[in-house]
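**Student:** Quick one: the structure is below, and I'll ask about it shortly.
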Amino acid sequence: MTRRQRVTQWPFWSMLWKEFVQMRRDRPTLAMMIGVPAIQLVLFGYAIQTEVRHLPTVVLDESHSSESRALVSSLENTGNFTIVGEVRDRVELQERLESGAAEAAVVFDPQFEHDLKRGRAAHAQVIVDAADPLASNGAIAGASQAGAARSLDLLRTVGRGGPSIDVRVRPWYNPGLKSSVYIVPGIIGVLLSMTLVVINSMAIVRERERGTLEQLVVTPIGKTSLMLGKIVPFLLVGYVQITIILVLGRLLFNVPILGSLTTLYLMAFPFIVANLALGLLVSTIAETQAQAMQMGLLVLMPNILLSGFMFPRQAMPVLAQWIGAMLPLTYFLKILRGILLKGIGMEVLWREALILCGFAVGLIALSVRRFRKTIE
Amino acid sequence: MSAPIQAAPPAILTHGLRKTFGASVAVEGLDLEVGRGEVFGLLGPNGSGKTTTIRMLCGLIEPSAGQATVVGIDVIREPEAVRWRIGYMSQRFGLYDDLTVAENIRFYAGVYGLAGAERTERIARQLEWFSLAGRANQRAGELSGGWKQRLALACATSHDPALVFLDEPTAGVDPASRRLFWSLIRRQAEAGMTVLVTTHYMDEAARCDRLALLSRGHLFAIGTPESITQQFGLPTIEDVFIELQRRDEGVVV
Chain A
38 MTRRQRVTQW PFWSMLWKEF VQMRRDRPTL AMMIGVPAIQ LVLFGYAIQT EVRHLPTVVL
98 DESHSSESRA LVSSLENTGN FTIVGEVRDR VELQERLESG AAEAAVVFDP QFEHDLKRGR
158 AAHAQVIVDA ADPLASNGAI AGASQAGAAR SLDLLRTVGR GGPSIDVRVR PWYNPGLKSS
218 VYIVPGIIGV LLSMTLVVIN SMAIVRERER GTLEQLVVTP IGKTSLMLGK IVPFLLVGYV
278 QITIILVLGR LLFNVPILGS LTTLYLMAFP FIVANLALGL LVSTIAETQA QAMQMGLLVL
338 MPNILLSGFM FPRQAMPVLA QWIGAMLPLT YFLKILRGIL LKGIGMEVLW REALILCGFA
398 VGLIALSVRR FRKTIE
Chain B
2 MSAPIQAAPP AILTHGLRKT FGASVAVEGL DLEVGRGEVF GLLGPNGSGK TTTIRMLCGL
62 IEPSAGQATV VGIDVIREPE AVRWRIGYMS QRFGLYDDLT VAENIRFYAG VYGLAGAERT
122 ERIARQLEWF SLAGRANQRA GELSGGWKQR LALACATSHD PALVFLDEPT AGVDPASRRL
182 FWSLIRRQAE AGMTVLVTTH YMDEAARCDR LALLSRGHLF AIGTPESITQ QFGLPTIEDV
242 FIELQRRDEG VVV
């Protein structure tokens, strides 16, 4: 019996060996697997890199004080703001912003200096046209920088326990302000979803088109061996892609890697498997490679739009949030951002990891169930 | 009391095998018995149910009704058990174009459970038997029809199956290659392998030990090539075939 059991393992190893030989020889696909992440990253990355400088800014100074003027010049010194004029009231401010003549405004309340003299925190407001999130990011960075600089100056002159300046940024037109750094880690997730689902589904449909699948299903290879034989090689591809994006992201765009890479690679496992299984599922439905490609793109759209990659999920209607909750990418994005940008690990992200494992197991089971060793 | 020595079960035994696709009947109540070591030909015009029959016997499609045992195993209840014992060569050959000749054999041998020294030895044997040794390291995609066909047979038989199904194996292959291929089939049969082959070529039909003629899913005649021509009172199998096709499709030749 043991010999028999050993023998039944060979179909799987044979399948695995064949997939690797084929992968090595399929230069165009190999180039796509490695080239696409690199190209996408550079495209997205440089679009994000466009730093916002010299945002045209108007000033509404109701305090008319030396302190307010000092803060305005601090703001200008950061290079993110260029003062293009003063406005008299809120109405005029709104007109300037709406017409696009200004993209930011600095507002001082009448009691700005008063507060400072009383030793209270003085509030200055920076209003940004956040329809362009990049612009608002520039504004936030500049404003907090200037505020901190002025506070430090005041601290030096007045001494400990003195007043501080609190510059508050109010993003208009886009309350769910999104930071651009969120996008780079997100690219890892989106790319994996895109390439793995499409490549894997096409790999099986190609066998069907060429008639080798018909040949395979009459052999004693088990359904699970067949599916796993298709999944394992591409798992490796997934890890190669993650590594490429991380290395390029670090070298070209200084993407922070605050958390543990080991944790990230570990948690990527169920995500990659889930996507490959999704590809298998697509391949059980699609009959031609062209169909598989289109279905792959169909999967891609909700992943980009609803997972939180581009737009914050909190701002979405409930239905869209539900759809987003059914996408593995939604959870992997939290993991990516958490590990890379916040430096958190398993102790916080275990729930997302568990959900991804659920997706992986569920999708594999579903595609094995759907796959038939018959050709009707 | 010793149990009576049982003869090996027939290679193929079907009873009332039937397959419908929607409203159309592909195979209607097929009763077939094929003995061990026979070269058995399945003949009939396009759409007569040859491929459907083979696919049912391989467990590729499920019969709508009836029974079928292949090398003594119930195909409908235990399709996976049957698969270790049979080989199958489809009209499309099922070769991987991007693998070499030797790699294709290696892959299928492995899928059929062969490994290690046994597999290495088997690959060498198949390369030699099927006159493929000269191109062992050439990609299958670069081969011509006759070579592909021999490679497909080598892949389908590397695990020494008791029974091999050949679905129109010689379609589109030149006469010299067909002749070589048939000598290979006969050698396999002499070694004890049962061969079930479908064909359109009448000279090939005449090379079979026995034939079954299918027409619109019905078994029309069964027997040796000689007995069939006698039964129809026609000089050759080709004449019988054309007569069948005339009745099936209204083709006047």
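Heads up: the protein sequence lines correspond to chains A and B, in order. In case it helps, the numbering used here puts the first sequence at residues 38 to 413. In case it helps, the numbering used here puts the second sequence at residues 2 to 254. Cβ atoms here follow ideal geometry from the backbone N, Cα and C, with glycine treated the same way. Keep in mind it's a predicted model, so treat the numbers as computed, not measured.
#1: If you draw a straight line from the alpha carbon of His29 of chain A to that of Ile360 of chain A, how long is it in whole angstroms?
#2: Given Glu99 of chain A, which residues of its chain have a CB within under 8 Å of its CB, disregarding the five upstream and five downstream residues?
#3: Give the DSSP-derived three-state secondary structure of Gly1 of chain B in the structure shown.
#4: Can you grab the Cα-Cα spacing for the pair Ser181 of chain A / Gln162 of chain A, in whole Å?
#5: Answer with buried or exposed for Glu191 of chain B, where buried requires no fewer than 16 other C-beta atoms within 10 angstroms of its C-beta.
#6: I think Gly50 of chain B touches Val165 of chain B, with their Cβ atoms under 8 Å apart; what is that distance to the nearest whole Å?
#7: Taking only the alpha-carbon atoms, compute the straight-line gap between Arg339 of chain A and Arg19 of chain B and give it to the nearest angstrom.
#8: Considering Asp210 of chain B, what are the terminal residues of the beta strand (DSSP E) in which it resides?
#9: Using a Cβ cut-off of 9 Å (strictly closer), state whether Trp85 of chain B contacts chain A.
#10: Could you please give the first and the last residue of the uninterrupted alpha helix (DSSP H) stretch that includes Gln331 of chain A?
#11: Can you tell me which of A:Gly316, A:Met383, A:Ile225 and A:Gln331 puts its alpha carbon nearest to the alpha carbon of Thr299 of chain A?
#12: Along the chain, where does the alpha helix (DSSP H) that runs through Leu366 of chain A open and close?
#13: Less than 9 Å between CB atoms is the rule here; does Pro48 of chain A satisfy it with respect to chain B?
#14: Look at the alpha carbon of Ile74 of chain B and the alpha carbon of Asn105 of chain B, and state the distance between them as a whole number of angstroms.
#15: Would the segment 137 to 156 of chain B count as touching the segment 166 to 181 of chain B if we require 3 or more Cβ pairs under 8 Å?
#16: In whole angstroms, what separates the C-alpha of Leu185 of chain B from that of Leu154 of chain B?
#17: Shortest alpha-carbon distance to Met304 of chain A belongs to which of A:Phe369, A:Gly122 and A:Leu253?
#18: In the DSSP assignment, what residue or residues form a beta bridge with Gln68 of chain B?
#19: Using beta carbons (cut-off 9 Å, strictly below), is Gln127 of chain B in contact with chain A?
#20: Using the rule of at least 16 other Cβ atoms within 10 Å of the residue's Cβ for burial, across every protein chain shown, is Phe283 of chain B buried or exposed?
#21: Can you tell me whether Met353 of chain A is helix, strand or coil according to DSSP?
#22: Do you know offhand how far Lys215 of chain A's Cα is from Leu283 of chain A's?
#23: Verify the CB distance criterion: does Lys267 of chain A have a CB-CB separation below 9 Å to chain B?
#24: Can you tell me whether Ala9 of chain B is buried or exposed? The criterion is at least 16 other CB atoms within 10 Å of its CB, across all chains shown.
#25: Using a beta-carbon distance below 9 Å, is Gly42 of chain B in contact with chain A?
#26: For Leu273 of chain A, does the count of other Cβ atoms within 10 angstroms reach 16, so buried, or fall short, so exposed?
#27: Ignoring anything shorter than 3 residues or poking outside the segment 128 to 214 of chain B, list the beta strand (DSSP E) runs there in chain order.
#28: Is the beta carbon of Pro48 of chain A closer than 9 Å to that of Gly224 of chain B?
**Tutor:** The short version:
#1: The structure shown does not extend to residue 29 of chain A, since chain A is modelled only from 38 through 413, so no value can be given for it.
#2: Val144, Phe145, Asp146, Pro147 and Phe149
#3: Outside the modelled stretch of chain B, which goes from 2 to 254, sits residue 1 of chain B, for which no answer is possible.
#4: 11 Å
#5: exposed
#6: Between Val165 of chain B and Gly50 of chain B the Cβ distance is about 20 Å, and since that is not below 8 Å, they are no contact.
#7: Arg is not the amino acid found at residue 339 of chain A; the sequence shown has Pro there. Distance between the alpha carbons of Pro339 of chain A and Arg19 of chain B: 46 Å.
#8: Counting along the chain, Asp210 of chain B falls outside any beta strand (DSSP E), and DSSP gives it neither H nor E.
#9: yes
#10: Gln326 to Leu343
#11: A:Met383
#12: Pro365 to Arg374
#13: yes
#14: 28 Å
#15: yes
#16: 9 Å
#17: A:Phe369
#18: B:His16
#19: no
#20: With chain B covering 2 to 254 only, the question about residue 283 of chain B has no answer from this structure.
#21: coil
#22: Confidence at Lys215 of chain A is low in this model, with a pLDDT of 37, below 50, so its placement is unreliable and the value that follows should be read with caution. Distance between the alpha carbons of Lys215 of chain A and Leu283 of chain A: 21 Å.
#23: no
#24: exposed
#25: no
#26: exposed
#27: 164 to 168 and 195 to 200
#28: no
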